[in-house]
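Okay, structure first, notes after.
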Amino acid sequence: MKEKHINFPVVLFFIFVGTWVLLAINPLYRFDWFLENIVVFLFTPLVVLSYFKFRLSNRAYFLIFVFGMLHIAAAHYTYGDTPWGDWLSSFFGWERNHYDRIVHFLYGVLMTVVFMEFVERWTSLQGFLRGLFIFALVVATGALYEVAEFIVGVTAEPGKGLGFLGFQGDVWDTQKDMFLQSLGALATLCAMSLFSRWK
Numbered sequence: 030m031k032e033k034h035i036n037f038p039v040v041l042f043f044i045f046v047g048t049w050v051l052l053a054i055n056p057l058y059r060f061d062w063f064l065e066n067i068v069v070f071l072f073t074p075l076v077v078l079s080y081f082k083f084r085l086s087n088r089a090y091f092l093i094f095v096f097g098m099l100h101i102a103a104a105h106y107t108y109g110d111t112p113w114g115d116w117l118s119s120f121f122g123w124e125r126n127h128y129d130r131i132v133h134f135l136y137g138v139l140m141t142v143v144f145m146e147f148v149e150r151w152t153s154l155q156g157f158l159r160g161l162f163i164f165a166l167v168v169a170t171g172a173l174y175e176v177a178e179f180i181v182g183v184t185a186e187p188g189k190g191l192g193f194l195g196f197q198g199d200v201w202d203t204q205k206d207m208f209l210q211s212l213g214a215l216a217t218l219c220a221m222s223l224f225s226r227w228k
């Protein structure tokens with residue numbers, strides 16, 4: 030009897046879509062939910078296209094899936110009002126909901142591994158230069174997101190757009206987010222180098 034093969038990326042895709050549909054039902058702020066999901070609308074087709082045109086590893090799709098789930102969960106509440114962020118703040122005695130900070134750090138961690146696959150496949154960079162290029166990719170894409178987020182936020186419906194930005198009264202919010210995603214990327218690159226996971 031022929032053993033059935035489970036297509037892991039396809040399973041992840043349907044779990045993601047099913048969760049997205051559930052979280053699209055009655056979000057806390059519908060307008061902010063739409064703004065947060067612009068990223069999903071833009072990049073989900075690209076991830077699906079990659080599966081057919083230049084398939085990544087199961088590990089890469091899983092990391093993309095994890096980040097996507099973190100994002101759509103926050104989109105349901107907005108980053109500043111996620112209940113688990115409030116729980117963490119209460120536990121650690123923080124005054125601010127830091128869920129967005131955590132996700133930015135994890136973006137650096139998760140996407141470093143994903144970008145590594147792209148760099149290994151389409152460049153001949155090795156060692157320090159490869160790590161530097163991957164770090165630059167993470168920082169650049171994170172910065173582009175922050176710029177796009179700001180443009181959408183300030184041009185959106187007055188009042189609601191600033192809620193989408195999620196500053197929570199911190200004028201240095203953008204800089205701190207970028208620092209944390211950079212820190213996540215650097216930590217991942219150092220860990221990979223330390224454990225000799227470069228090919």
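Note that the numbering used here gives residue 90 to position 61 of the sequence shown, counting from 1, and the numbers run on in steps of one.
Yeah, the Cβ is synthetic: ideal placement off N, Cα and C, and Gly gets one too.
In this structure the segment 114-126 does not lie against the segment 148-164, because fewer than three pairs of beta carbons, one per stretch, are closer than 8 Å.
Of the residues assessed, residue 169 falls on the exposed side of the cut-off, its CB having fewer than 16 other CB atoms within 10 angstroms. For residue 99, the enclosing alpha helix (DSSP H) starts and ends at 87-106. The beta-carbon separation of residue 133 and residue 209, rounded to 5 Å, stays under the 8 Å limit for a contact. Note on geometry: alpha-carbon atoms of residue 92 and residue 131 lie some 15 Å from one another.
Contact annotation, residue 157 with residue 215: C-beta distance approximately 13 Å; criterion of less than 8 Å not satisfied. Contact between residue 135 and residue 96 holds: their C-beta atoms lie close to 7 Å from each other, under 8 Å.
Per DSSP, the continuous alpha helix (DSSP H) segment holding residue 133 begins and ends at 128-151. Per DSSP, residue 109 lies in no alpha helix (DSSP H) segment and is marked neither H nor E. Remark: fewer than three beta-carbon pairs, one from each stretch, lie closer than 8 Å, so the segment 82-90 and the segment 101-113 are not flagged as touching.
For residue 172, the secondary structure class from DSSP, reduced to helix, strand or coil, is helix. Separation of residue 34 and residue 121 (C-alpha to C-alpha, rounded to the nearest whole angstrom) is 44 Å. Taking all protein chains shown into account, residue 62 has 16 or more neighbouring C-beta atoms within 10 Å of its C-beta and is therefore buried. Sixteen is the threshold: since fewer than 16 other Cβ atoms of the shown chains lie within 10 Å of the Cβ of residue 176, the residue is exposed. Within its own chain, the residues whose Cβ lies closer than 7 Å to the Cβ of residue 48, once the five positions on either side in sequence are excluded, are 98 and 101, listed in chain order.
Collapsing the DSSP output to three states places residue 125 in coil. The C-beta distance from residue 110 to residue 57 rounds to 6 Å, short enough to meet the 8 Å contact threshold. Sequence-distant Cβ neighbours of residue 38 in its own chain, meaning closer than 7 Å and more than five residues away, are 80, 87 and 90. By the 16-neighbour rule on beta-carbons within 10 angstroms, residue 144 is buried.
In this structure, the CA atom of residue 59 is about 35 Å from the CA atom of residue 83.
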